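Everything below concerns the one structure shown next.
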Amino acid sequence: MTNPPLPSVQLAEAITAQLGQLRRHLAAAPPHEAAQLLAHVLDYDTGLLGEVTGIVETGSRFAKVNSERGLLPPEVWLALGRASNELNSVGTDLHEHTGSIQKVAAPAVASARPHAAPAASAMVMRRRR
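Numbered according to numbering that gives the first Met the number 0, the sequence shown spans residues 0 to 128.
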């Protein structure tokens with residue numbers, strides 16, 4: 000007979016399922032709603048990305064202690080530490096752009112020209128002939 004999952008494992012499973020729902024909502028949401036959701040997720044101080052980074056950091060500390068005790072290979076600690084550092088770096092980079100994302104979330108203002116051409120973007124690439 001197997002033991003039922005610990006409450007913390009059940010919590011992790013429930014959160015994982017909810018993250019899947021959140022991903023599906025983001026994929027199907029209209030732009031203003033998707034931008035609002037994405038800005039909240041990427042907010043490094045109060046959003047999901049910051050919390051996930053914190054979980055990985057905590058896991059890295061767990062792995063450090065247990066690798067020093069010989070219960071885990073040091074590579075586990077190194078991998079979690081590297082992941083924590085990368086997530087922190089990515090979170091910091093993305094935090095700079097949450098304002099731009101939030102602008103899309105703001106209610107659209109009616110344009111004087113309803114069929115105006117879209118503005119050029121730095122991301123537009125030109126084809127060579």
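Idealized CB from N, CA, C, for every residue including glycine.
It should be emphasised that the depicted structure is a prediction, and the values quoted were computed from it without experimental measurement.
Since I believe Leu21 is in contact with Leu93 (beta carbons under 8 Å), could you give me their beta-carbon distance rounded to a whole number of angstroms?
Wrong, their Cβ atoms sit about 17 Å apart, outside the cutoff.
Rounded distance between the beta-carbons of Thr45 and Ser187, thought under 8 Å:
Residue numbering for the chain in the displayed model covers 0 to 128; residue 187 lies beyond these limits and cannot be assessed.
How big is the Cα-Cα spacing for Glu12 and Arg60?
Roughly 22 Å separates the two Cα atoms.
Taking the C-alpha atoms as reference points, what is the distance between Ala16 and Leu70?
The straight-line gap from Cα to Cα measures roughly 30 Å.
Check Asp44 in the structure and name its three-state DSSP category.
It is coil, neither helix nor strand.
Boundaries of the alpha helix (DSSP H) in which Thr15 is found, first to last residue:
Under the DSSP assignment, Thr15 falls in the alpha helix (DSSP H) whose first and last residues are 6-27.
If we count the other Cβ atoms within 10 Å of its Cβ and call it buried at 16 or more, is Val8 buried or exposed?
Taking all protein chains in view, the Cβ of Val8 is surrounded by fewer than 16 other Cβ atoms within 10 Å, so the residue is classified as exposed.
Between the beta-carbon of Ala104 and the beta-carbon of Ala27, is there less than 8 Å?
No; because the gap between Cβ atoms is not below 8 Å, this pair is not in contact.
Can you tell me where the alpha helix (DSSP H) with Gly80 in it begins and where it stops?
Start and end: 73-94.
Among Pro29, Leu5, Asp42, nearest to Asn87 - alpha-carbon criterion
Here the closest residue by C-alpha is Asp42.
Arg23 to Ile54, Cα distance in whole Å?
So the alpha carbons of these two residues sit roughly 23 Å apart.
For the alpha helix (DSSP H) that Thr1 lies in, which residues bound it at each end?
Per DSSP, Thr1 is not a residue of any alpha helix (DSSP H), being assigned neither H nor E.
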